[in-house]
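Q: I have a structure I would like to understand better, so I am pasting it below and will then ask my questions one at a time.
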Amino acid sequence: GEERMLAVKLLNFFVYYNESMVDKLLMHSIGKAGNLLNDNNWDHSLFRYGCYYSTIPGENNVNQDPSGSGLLFLRKIKARGFGVPEEQIYNFNNLFEMLDQTRTSVSIIFVDDFVGSGHQCVKAFQFRDRRTQKSLNDFAEEGKHKLIFAPTIINNIGYNKIRQSCPHLHLS
Numbered sequence: 044g045e046e047r048m049l050a051v052k053l054l055n056f057f058v059y060y061n062e063s064m065v066d067k068l069l070m071h072s073i074g075k076a077g078n079l080l081n082d083n084n085w086d087h088s089l090f091r092y093g094c095y096y097s098t099i100p101g102e103n104n105v106n107q108d109p110s111g112s113g114l115l116f117l118r119k120i121k122a123r124g125f126g127v128p129e130e131q132i133y134n135f136n137n138l139f140e141m142l143d144q145t146r147t148s149v150s151i152i153f154v155d156d157f158v159g160s161g162h163q164c165v166k167a168f169q170f171r172d173r174r175t176q177k178s179l180n181d182f183a184e185e186g187k188h189k190l191i192f193a194p195t196i197i198n199n200i201g202y203n204k205i206r207q208s209c210p211h212l213h214l215s
């Protein structure tokens, strides 16, 4: 489909990023999320203890593939210089219940490596959870929680699609 054609075009211009560069891109994309979280009560330590982290599931399923790049990034922010505690990291499928039951405002930063068409992100944000009967888009529209998507690389097509289809999702 559309994703495959875009992938073929992109592979024609393939660029390799070593692990150090990927880590720096990840740190930068999460750091930019801080600009969206910055208010009078914001403190840099809140990246570790005041935000929750998750990822966008793969294209064809809402159940996350343990080898997927988003989950790799979650492991990186837990193990590397980020030092994010395990209790701040949520599997995509567990986010809905947590958001539904939380009485205070929370911030969730979604990490991912690359956004192509934006379809994967839009699909995830429109997915309706059976238990809560809500989508992440519903939670974002309510305005109580701040949901931020922090991909390391995003192209213009994906950026525009996400902005248009998920207007309450913040992009860092």
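The sequence shown: position 129 = 172 (our numbering), numbered continuously. In this text, a Cβ means the ideal position worked out from N, Cα and C, and glycines have one as well.
1) To the nearest angstrom, report how far apart Q131 and S63 are at their CA atoms.
2) Quick check on K189: buried or exposed, where buried means 16 or more other Cβ atoms within 10 Å of its Cβ?
3) Using beta-carbon positions only, say whether T147 and L117 come within less than 8 Å of one another.
4) Could you name the residues of the same chain whose beta carbon sits closer than 7 Å to that of K52, not counting the 5 residues immediately before and after it, in chain order?
5) What does the Cβ neighbour count give for A193, buried or exposed, with the cut at 16 atoms within 10 Å?
6) Sort out for me which residues DSSP pairs P194 with in a bridge.
7) Quick check on DSSP: helix, strand or coil for Y92?
8) Please return the same chain residues whose Cβ sits closer than 6 Å to the Cβ of D172, not counting the five positions on each side in sequence.
9) Evaluate P100 with the Cβ neighbour count: other Cβ atoms within 10 Å of its Cβ, from every protein chain shown; 16 or more gives buried, anything less gives exposed.
10) Within 10 Å of its beta-carbon, does L212 have 16 or more other beta-carbons around it, so buried, or fewer, so exposed?
11) Quick one, are the C-beta atoms of V149 and Y95 less than 8 Å apart?
12) According to DSSP, is H188 part of a helix, a strand, or is it coil?
13) Rounding to the nearest angstrom, what Cα-Cα distance links H162 and D156 in this structure?
14) Note the first and the last residue of the continuous alpha helix (DSSP H) segment covering R206.
15) Between the beta-carbon of K204 and the beta-carbon of V154, is there less than 8 Å?
A: Let me lay it out:
1) Their backbone Cα atoms lie some 24 Å apart in a straight line.
2) Classification of K189: buried, given that the 10 Å Cβ count is 16 or more.
3) Annotated as distal: T147 and L117, with beta-carbon spacing of 8 Å or more.
4) Result list for K52: empty, nothing under 7 Å.
5) By the 10 Å Cβ count, A193 comes out buried.
6) Beta-bridge pairing links P194 to D155.
7) Y92: helix per DSSP, three-state reduction.
8) The answer, listed in chain order, is F139.
9) Counting other Cβ atoms within 10 Å of its Cβ, P100 reaches 16 or more and is therefore classed as buried.
10) Result: buried.
11) The Cβ-Cβ distance between V149 and Y95 falls below 8 Å.
12) Coil, per DSSP.
13) The alpha-carbon atoms of H162 and D156 are separated by roughly 14 Å.
14) That run of the alpha helix (DSSP H) goes N199 to S208.
15) No, the pair does not count as a contact, with Cβ atoms beyond the cut-off.
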